[in-house]
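**Student:**
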Amino acid sequence: MHWEEMMVQLSRRTVLLAGAAWAVTGLGPSNVRAQDSAQPSLPIPAELRADAGGTIRLDARPGSMRFVGDRATATYGINGPYLGPAVRVRRGEKVVAQVSNNVPETITMHWHGLIIPGAADGGPHQVIPPGKQWQTELAVDQPAATLWFHPHSYPATAQEVIRGLAGLLIIDDEESGRLPLPSRWGVDDIPLIIQDRRFTPDGQFFDRMNYIAVVNGYVGDTALVNGARYPQARTARGWIRLRILNGSNARSYTLAASDGRSLYVIGSDGGLLASPVELKQLLIHVGERFEVLVDGRDGRAFDVVTLPVAQDIMRLPPFDGPLPLVTIRPEGADGTGQLPSSLAVLPALPQQLPPMSQELVMNMFRDQQGMMPLKTAGLMAMVKSGKTDPAVVARVVNLIVNDPVLSQTEQLSASGVNGKPFSIERMDFAAARSQDLRWRISEGTDLMLHPVHIHGCQFRIISRDGKPPEAERAGWKDVAPISAGGVTEILVRFPHPANRDTPYMAHCHILEHEDSGMMAQFTV
Ligand code: C2O
Ligand code: CU
Ligand code: CU
Numbered sequence: 001m002h003w004e005e006m007m008v009q010l011s012r013r014t015v016l017l018a019g020a021a022w023a024v025t026g027l028g029p030s031n032v033r034a035q036d037s038a039q040p041s042l043p044i045p046a047e048l049r050a051d052a053g054g055t056i057r058l059d060a061r062p063g064s065m066r067f068v069g070d071r072a073t074a075t076y077g078i079n080g081p082y083l084g085p086a087v088r089v090r091r092g093e094k095v096v097a098q099v100s101n102n103v104p105e106t107i108t109m110h111w112h113g114l115i116i117p118g119a120a121d122g123g124p125h126q127v128i129p130p131g132k133q134w135q136t137e138l139a140v141d142q143p144a145a146t147l148w149f150h151p152h153s154y155p156a157t158a159q160e161v162i163r164g165l166a167g168l169l170i171i172d173d174e175e176s177g178r179l180p181l182p183s184r185w186g187v188d189d190i191p192l193i194i195q196d197r198r199f200t201p202d203g204q205f206f207d208r209m210n211y212i213a214v215v216n217g218y219v220g221d222t223a224l225v226n227g228a229r230y231p232q233a234r235t236a237r238g239w240i241r242l243r244i245l246n247g248s249n250a251r252s253y254t255l256a257a258s259d260g261r262s263l264y265v266i267g268s269d270g271g272l273l274a275s276p277v278e279l280k281q282l283l284i285h286v287g288e289r290f291e292v293l294v295d296g297r298d299g300r301a302f303d304v305v306t307l308p309v310a311q312d313i314m315r316l317p318p319f320d321g322p323l324p325l326v327t328i329r330p331e332g333a334d335g336t337g338q339l340p341s342s343l344a345v346l347p348a349l350p351q352q353l354p355p356m357s358q359e360l361v362m363n364m365f366r367d368q369q370g371m372m373p374l375k376t377a378g379l380m381a382m383v384k385s386g387k388t389d390p391a392v393v394a395r396v397v398n399l400i401v402n403d404p405v406l407s408q409t410e411q412l413s414a415s416g417v418n419g420k421p422f423s424i425e426r427m428d429f430a431a432a433r434s435q436d437l438r439w440r441i442s443e444g445t446d447l448m449l450h451p452v453h454i455h456g457c458q459f460r461i462i463s464r465d466g467k468p469p470e471a472e473r474a475g476w477k478d479v480a481p482i483s484a485g486g487v488t489e490i491l492v493r494f495p496h497p498a499n500r501d502t503p504y505m506a507h508c509h510i511l512e513h514e515d516s517g518m519m520a521q522f523t524v
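Under the numbering used here, the residue at position 123 of the sequence shown is numbered 123, and the numbers go up by one with no gaps.
Written out as structure tokens, the structure reads:
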């Protein structure tokens with residue numbers, strides 16, 4: 001199907017679905033689950049600041065969680081059983097991050113979105129074997145933002161993140177501190193780490209690298225928010241700030257409030273926007289973050305729901321209609337935060353753009369192997385029809401779960417950048433330091449979504465498919481989505497060096513694409 005056609009169809013269906021479900025199930029302010037005792041509380045990750053000696057200690061370790069019934073799921077976590085603390089640093093601060101690896105496999109720890117030298121970046125070259133520690137200095141010099149950290153072990157990032165290794169990294173600064181934004185952690189400043197998972201019959205995380213996964217990415221059937229299924233958050237009665245991270249391996253979400261209240265986007269990946277962007281629906285791709293304000297002054301509960309997205313396989317139930325992710329109950333004491341009309345000063349893009357200096361083409365070499373079985377199973381026809389067919393769903397789930405696991409050679413050669421699968425020995429290019437650069441990101445013939453992430457920088461999107469970016473993506477970004485044969489141009493600058501031993505990465509943040517070769521490395 002042609003892309004525009006699909007979008008029209010999707011949006012029509014989305015509206016239909018949304019309307020229908022809200023009418024039928026009555027997801028609304030007054031009837032969000034009257035009985036809430038069965039709903040777990042939203043886990044709020046503990047804030048972790050540097051200790052008196054300036055050190056932040058992160059301990060990756062095995063754990064156990066009960067996600068499904070009372071079956072124990074084996075997990076990994078950082079300073080806890082699943083996910084990690086919310087590390088908080090201030091602009092101008094120099095901290096030492098000390099990462100201990102107590103899980104039984106080699107990991108790395110990458111600071112996604114932090115503008116630091118390659119030597120501190122925690123990419124695939126900076127391995128931490130089991131039982132070992134890695135220590136690095138993080139000199140924080142960038143605007144307030146919601147970043148995150150996660151392992152970057154080639155080719156096992158996907159499986160380590162599925163297990164639970166990821167956490168938030170929040171930068172504070174003076175400018176943002178002067179704004180009247182809600183900022184009481186867990187009271188009116190609420191982190192939401194959204195992930196999807198699937199479980200094996202014995203309650204363990206499903207994880208299988210077959211052609212379905214390598215091409216389409218990980219397909220969960222359960223939404224987790226901060227590691228809980230459809231939890232509820234009791235917040236202040238007032239303006240509420242949601243710091244949203246799409247920490248899924250591959251799934252995008254279209255977020256909305258169940259009662260249609262507005263989402264005011266105040267920040268993107270790398271910091272605050274110039275002014276709030278009011279939306280009814282917010283599309284968030286993997287790796288992206290948005291800070292959103294919602295007006296909870298009415299004290300009425302609502303759900304944050306996700307609506308169907310334009311990724312065929314991601315429309316399997318329960319993601320085929322509005323799916324509630326978390327209930328927000330603004331029932332506490334009066335909040336004090338406000339929605340400012342202007343937020344941050346964003347430098348205007350230069351009139352005269354620098355010449356194009358780097359092309360990044362995302363390649364899929366095995367997309368037919370991952371798509372044809374789905375087509376044969378009837379998935380694309382089902383999505384087009386807008387009606388969920390249990391027989392098709394069963395066939396597709398069977399492929400997800402049972403399609404044969406790939407050999408390492410098959411996995412590592414399935415995807416690429418600029419025609420070549422990733423090789424840890426090969427430097428792909430060099431970027432000039434401290435200079436405005438214009439890069440062009442596009443894809444081969446596959447037309448799939450690729451949220452492309454670049455290390456060592458925060459960039460600005462100049463254009464996507466020839467048009468200016470959406471207002472909510474016009475600020476600082478470290479993830480640039482492309483899809484449907486599209487092209488994104490960015491303006492980027494690397495203030496720090498990255499040498500051959502510890503180069504930066506540029507890759508698709510669909511972790512199964514990254515782990516199958518859709519990654520390039522470069523020096524600055
Ligand atoms: Cu969030 Cu290169 O990764
Ligand atoms: Cu990164
Ligand atoms: Cu991709």
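Every residue, glycine too, gets a C-beta built ideally from N, C-alpha and C.
Nothing here was measured: the structure is a model prediction, and the numbers come from that model.
If I measure Cβ to Cβ from Val68 and keep anything under 6 Å in the same chain, skipping five residues before and after, which residues do I get?
**Tutor:** Phe199 and Gly203
**Student:** Are the Cβ atoms of Leu511 and Thr157 separated by less than 7 Å?
**Tutor:** yes
**Student:** To the nearest angstrom, how far is the alpha carbon of Thr136 from that of Ile171?
**Tutor:** Those two C-alpha atoms are separated by around 17 Å.
**Student:** Would you list the residues sitting across from Arg57 in a DSSP beta bridge?
**Tutor:** Gln98
**Student:** Just curious, the alpha helix (DSSP H) that Ser442 is in, first and last residue?
**Tutor:** Note, Ser442: premise wrong, no alpha helix (DSSP H); beta strand (DSSP E) at Leu437 to Glu443.
**Student:** Can you tell me which of the three DSSP states Tyr253 falls into?
**Tutor:** strand
**Student:** Is His455 near ligand 2 - that is, is its Cβ less than 6 Å away from at least one heavy atom of it?
**Tutor:** yes
**Student:** When you compare the CB positions of Ile212 and Leu399, do they come within less than 7 Å of one another, or not?
**Tutor:** yes
**Student:** Check the C-beta distance from Pro182 over to Arg234 and give it rounded, since I have them as a contact under 8 Å.
**Tutor:** Contact between Pro182 and Arg234 is ruled out by a C-beta separation of about 14 Å, above the 8 Å threshold.
**Student:** State the Cα-Cα distance for the pair Glu93 and Leu169, rounded to the nearest angstrom.
**Tutor:** 13 Å
**Student:** Based on Cα-Cα distance, which residue from Pro130, Gly177 and His112 lies nearest to Thr146?
**Tutor:** His112
**Student:** Excluding the 5 residues flanking His150 on each side, which residues of the same chain have their C-beta closer than 7 Å to its C-beta?
**Tutor:** His110, His112, Val161, Leu165 and Ala166
**Student:** Within its chain, find whatever has a CB closer than 8 Å to the CB of Pro350; leave out the 5 residues flanking it on each side and keep chain order.
**Tutor:** Contacts found: Asp436 and Leu491.
**Student:** Could you tell me the distance, in whole angstroms, from the CA atom of Phe522 to the CA atom of Gly419?
**Tutor:** Looking at the two C-alpha atoms, the distance is approximately 16 Å.
**Student:** Suppose only complete runs of 4+ residues qualify. What are the alpha helix (DSSP H) ranges in the region 149–198, listed by chain order?
**Tutor:** 157–163 and 174–178
**Student:** Using only Cβ atoms and a threshold of 6 Å, which residues come within that distance of a heavy atom of ligand 3? Order them by chain position.
**Tutor:** Met362, His450, Cys508, Ile510, His513 and Met518
**Student:** Kindly list the residues whose CB is nearer than 8 Å to the CB of Arg90, restricted to its own chain and excluding five residues on each side of it in sequence; keep chain order.
**Tutor:** Val140, Ile171, Asp172 and Asp173
**Student:** Hey, Ala86 and Ala144 are a contact pair by Cβ (cut 8 Å); roughly how many whole angstroms apart?
**Tutor:** Actually they are not in contact, since the Cβ atoms of Ala86 and Ala144 sit about 14 Å apart, beyond 8 Å.
**Student:** Is the region 259–271 touching the region 280–294 in the sense that three or more CB pairs, one from each, lie closer than 8 Å?
**Tutor:** yes
**Student:** Tell me which residues share the same chain as Arg88 and place their Cβ nearer than 6 Å to its Cβ, disregarding the 5 neighbours each side in the sequence.
**Tutor:** Around Arg88: Glu47, Arg49 and Ile170.
**Student:** Take every Cβ of the region 177–193, pair it with every Cβ of the region 368–386, and state whether three or more of those distances are shorter than 8 Å.
**Tutor:** no
**Student:** Counting C-beta neighbours from all protein chains within 10 Å, is the total for Glu443 16 or more, i.e. buried, or is it exposed?
**Tutor:** buried
**Student:** Do you know how far the Cα of Val309 is from the Cα of Ile454?
**Tutor:** 24 Å
**Student:** Given the structure, does Met505 come close to ligand 1, in the sense that its CB is under 6 Å from one of the ligand's heavy atoms?
**Tutor:** It does: the Cβ of Met505 is within 6 Å (strictly closer) of some heavy atom of ligand 1.
**Student:** Using the Cα positions of Pro495 and Ile115, report the straight-line distance between them to the nearest angstrom.
**Tutor:** 8 Å
**Student:** Need the endpoints of the alpha helix (DSSP H) that Asn226 sits in, please.
**Tutor:** Taken as a continuous stretch (DSSP letters only), Asn226 belongs to no alpha helix (DSSP H), as it is neither H nor E.
**Student:** Kindly indicate which residue of Ser415, Ile482 and Pro355 has the alpha-carbon position closest to the one of Ile441.
**Tutor:** Ile482
**Student:** Here's a check: name, in chain order, each residue in its chain whose Cβ is nearer than 7 Å to the Cβ of Gln195, leaving out the five neighbours to either side.
**Tutor:** Leu224, Gly247 and Ser248
**Student:** When you compare only the Cα positions, how much space is there between Leu27 and Asp121?
**Tutor:** Here Leu27 scores only 43 on pLDDT, less than 50, and its place in the model should not be relied on; the value that follows carries that caveat. About 43 Å.
**Student:** Quick check: is any heavy atom of ligand 1 less than 6 Å from the C-beta of Gly238?
**Tutor:** no
**Student:** Going by the CB atoms, is the gap between His152 and Gly118 shorter than 7 Å?
**Tutor:** no
**Student:** Taking buried to mean at least 16 other C-beta atoms within 10 Å of its own C-beta, is Leu273 buried or exposed?
**Tutor:** buried
**Student:** Leaving aside the five residues before and after Val277 along the sequence, list all residues of the same chain whose C-beta is less than 6 Å from its C-beta, in chain order.
**Tutor:** So the qualifying residues of the chain are Val265, Ala471 and Glu472.
**Student:** Report all residues from its chain with a CB closer than 6 Å to the CB of Arg57; omit the five preceding and five following residues, and keep chain order.
**Tutor:** Gln98
**Student:** So, are the CB atoms of Arg138 and Val95 less than 7 Å apart?
**Tutor:** Reading off the sequence shown, one finds Leu at residue 138, where the question assumed Arg. Yes, the pair counts as a contact, with Cβ atoms nearer than the cut-off.
**Student:** What does the alpha-carbon distance come out to for the pair Gly416 and Pro373?
**Tutor:** 22 Å
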